[in-house]
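Just below is one structure, and these are the notes that go with it.
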Amino acid sequence: MALKHIVLLSLRPSLPSADLARLKSSLSDLQTVIPQILSFSWISNNSPENLHQGYLHGFIMEFKDYLDRTTYLEHPAHLKIAQEMIFPALMKGTNSLIVFDYFVDEPEA
């Protein structure tokens with residue numbers, strides 16, 4: 016049973032494409048520093064429904080369990096990217112991101 020960590024981002028429209036590329040690359044590179052990250056995918060909205068509410072980019076990471084996710088959340092490399100790259104790129108600070116975590120194939124109660 017894997018834990019999926021989904022983060023949706025509402026980024027500043029003025030964010031240079033080079034900064035967006037560096038953000039994506041830096042997040043992907045975390046897999047080499049934090050072995051608890053089982054997979055990483057960058058996501059960009061392409062829905063024709065126009066219901067994105069400004070959340071046009073994001074990423075999905077997969078972890079084995081809560082402990083591995085906590086290791087990632089508290090890791091200095093993650094914290095550095097969050098502080099130096101993610102938060103400054105957001106439209107309205109932490110009010111411009113959504114985090115949603117769930118277990119794949121979690122048994123129902």
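Last residue of the sequence shown: number 124 in our numbering, and the count goes up by one each step with no gaps.
From the three backbone atoms N, C-alpha and C, an ideal C-beta is built for every residue, glycine too.
A quick note: this is a predicted structure, and the numbers were derived from the prediction, not measured.
When the five nearest sequence neighbours on each side are left out, the beta carbons in the same chain lying within less than 8 Å of the beta carbon of L38 are those of I96, M100, I101 and A104, in order along the chain. Under the three-state reduction of DSSP, E77 is assigned to strand. For S56, the enclosing beta strand (DSSP E) covers residues S54 to S59. Take the alpha-carbon of L53 and the one of K79: they are about 7 Å apart. Counted as a single uninterrupted DSSP element, the stretch harbouring L18 is not any alpha helix (DSSP H) but the beta strand (DSSP E) occupying residues L18 to L24. Rounded to the nearest whole angstrom, the C-alpha separation of V119 and L23 is 18 Å.
Restricting attention to S40, S62, I113 and Q68, the CA atom closest to the CA of S56 is found in S40. A distance of 7 Å or more separates the beta carbons of I58 and G69. Where I96 is concerned, there is no enclosing beta strand (DSSP E), although the alpha helix (DSSP H) around it starts and stops at P91 to I96.
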